[in-house]
Amino acid sequence: MKNYFPKKWIGHISLCIKSKSFKIRSTIIVFASLLLTGSAPQAVYGYDGNAANGWTILNNLNLTDGKLIAPGQGFFVKNKPGGGSIEFTPEMRIGGSSDDFILGRGTTSSAHIGYLKLKSSALDSEYTTDFYFNTNATSGLDPGYDAALYNSNVPAFAIYSYLVEDSTGIPFMIQTLGEAALNDVTITLGVHAVLGQEVTISIEETDMPDTVNVYLEDTSNNTSTLLNTNDYTFTAIDDLTGVGRFYIRFENDVLNINNATFDALKISTNQVERTIEVIGQLETQTSFGLYDIHGHCILKNDLDVRSVKQSVDVSHLSTGIYIVELETVFGNRRIQKLIIR
1 MKNYFPKKWI GHISLCIKSK SFKIRSTIIV FASLLLTGSA PQAVYGYDGN
51 AANGWTILNN LNLTDGKLIA PGQGFFVKNK PGGGSIEFTP EMRIGGSSDD
101 FILGRGTTSS AHIGYLKLKS SALDSEYTTD FYFNTNATSG LDPGYDAALY
151 NSNVPAFAIY SYLVEDSTGI PFMIQTLGEA ALNDVTITLG VHAVLGQEVT
201 ISIEETDMPD TVNVYLEDTS NNTSTLLNTN DYTFTAIDDL TGVGRFYIRF
251 ENDVLNINNA TFDALKISTN QVERTIEVIG QLETQTSFGL YDIHGHCILK
301 NDLDVRSVKQ SVDVSHLSTG IYIVELETVF GNRRIQKLII R
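So, in structure tokens, the structure goes:
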């Protein structure tokens, strides 16, 4: 980290600025234009005292919308292991009258498409995670746009997401996706809660287009909830950690979750034959997808609409929890969690 103001900056990890550094209209402001480069999740983490998640996160999503860092506002710089290069130069100074950099939901960048803050709340706890849709983003890691949970330390009550593609099991507080994902994307969620907590998952803030529907899938209860109009509440029957139960889906067409024939299909494992069986009559062409708990696609093929009992060989897979997704050509979906032994 190169500092051009050695007498004006104090601290080493958490940086702050002496109040006599720069004075403009009785307000002292320093703006740090951070060069975030490389292939690791990169962001500035500023402690904001918010019980929901504790951090204001600055990265390429919001560095262009007039954010200013006030003197005395400490922040951390998150970069890849081994460090990186960040310079604070005289040209980065900007005067203004802002206070701190509490993260807002909007962005003035034309690349911005939509934003959603998802909240998990209980009687005495709440936690949030953010999703952005941006024309500069992909479904994998986008340095400067995606932000991991600070130090990857997940508290006892939390909600976070895994990357849609190339996930390495890192929990993310901010995940940014491209425009195509608005039409159909399923994101793995991690939800942590303790035994007996009544948890509500809801949309706290959003500026998503009205045509986009947001569904919460609970694979344990086999439910799909339209979060645009309803919150989802459940009670933890044991300590809940990790991923594999909850998914959030964004799509432009409303799911037909009342399709009785499709919902009546039986999906189960045959532990003796080491197969997954789909039993019931298909009314239209339907695909079968199998995913691990990190959201990685293990296999995908089309089912035979003429058959009422179909078997998918999974003898090559190791013991564990997997997610089955059935999808019709009209966009109807069934998601179910299975255990392969």
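Note that full-length UniProt numbering numbers the sequence shown so that position 253 is 253, with each residue one more than the last. All residues carry an ideal CB built from backbone N, CA and C; glycine is no exception.
What's the gap between the Cα of residue i and the Cα of residue j?
i, j, result
"residue 235", "residue 332", "28 Å"
"residue 262", "residue 59", "43 Å"
"residue 176", "residue 85", "24 Å"
"residue 304", "residue 311", "10 Å"
"residue 220", "residue 171", "21 Å"
"residue 299", "residue 164", "16 Å"
"residue 292", "residue 44", "32 Å"
"residue 222", "residue 91", "56 Å"
"residue 148", "residue 61", "14 Å"
"residue 240", "residue 150", "20 Å"
"residue 387", "residue 124", "Here the chain has residues from 1 to 341 only, and residue 387 is not among them."
"residue 306", "residue 276", "18 Å"
"residue 297", "residue 204", "30 Å"
"residue 133", "residue 271", "41 Å"
"residue 87", "residue 55", "23 Å"
"residue 225", "residue 83", "42 Å"
"residue 195", "residue 207", "34 Å"
"residue 89", "residue 128", "34 Å"
"residue 57", "residue 330", "39 Å"
"residue 324", "residue 81", "36 Å"
Here's a check: name, in chain order, each residue in its chain whose Cβ is nearer than 8 Å to the Cβ of residue i, leaving out the five neighbours to either side.
i, result
"residue 122", "157, 193, 197, 198, 199, 200"
"residue 166", "140, 141"
"residue 280", "261, 264, 265, 266, 308"
"residue 209", "113, 114, 182"
"residue 169", "162, 294"
"residue 229", "none"
Tell me, to the nearest whole angstrom, how far the beta carbon of residue i is from that of residue j; I am working on the premise that it is less than 8 Å.
i, j, result
"residue 119", "residue 126", "6 Å"
"residue 182", "residue 289", "Actually they are not in contact, since the Cβ atoms of residue 182 and residue 289 sit about 20 Å apart, beyond 8 Å."
"residue 274", "residue 314", "6 Å"
Mark residue i as exposed unless 16 or more other C-beta atoms lie within 10 angstroms of its C-beta, in which case mark it buried.
i, result
"residue 252", "exposed"
"residue 337", "buried"
"residue 334", "buried"
"residue 144", "buried"
"residue 295", "buried"
"residue 227", "buried"
"residue 34", "Residue confidence is low: residue 34 scores 39 on pLDDT, short of 50, so the model does not pin down where it sits. Its coordinate-derived value is still stated next. That one is buried."
Given residue i, which residues of its chain have a CB within under 6 Å of its CB, disregarding the five upstream and five downstream residues?
i, result
"residue 286", "303, 326, 328"
"residue 130", "117, 174"
"residue 135", "111, 179"
"residue 301", "288"
"residue 231", "200, 202"
"residue 137", "145, 176, 177, 178"
"residue 387", "No answer is possible for residue 387: the residues shown for the chain start at 1 and end at 341."
"residue 233", "200"
"residue 159", "120, 127, 129, 191"
Between which residues of its own chain and residue i is the CB-CB distance below 7 Å, once the five residues before and five after are set aside?
i, result
"residue 340", "269, 314, 317, 319, 320, 322"
"residue 250", "181, 182, 185, 212, 214"
"residue 242", "190"
Touch test, the region 143 to 161 against the region 205 to 216, Cβ-Cβ under 8 Å, three pairs minimum: no
Cβ contact check for the region 228 to 247 and the region 179 to 189: 3 or more pairs under 8 Å: yes
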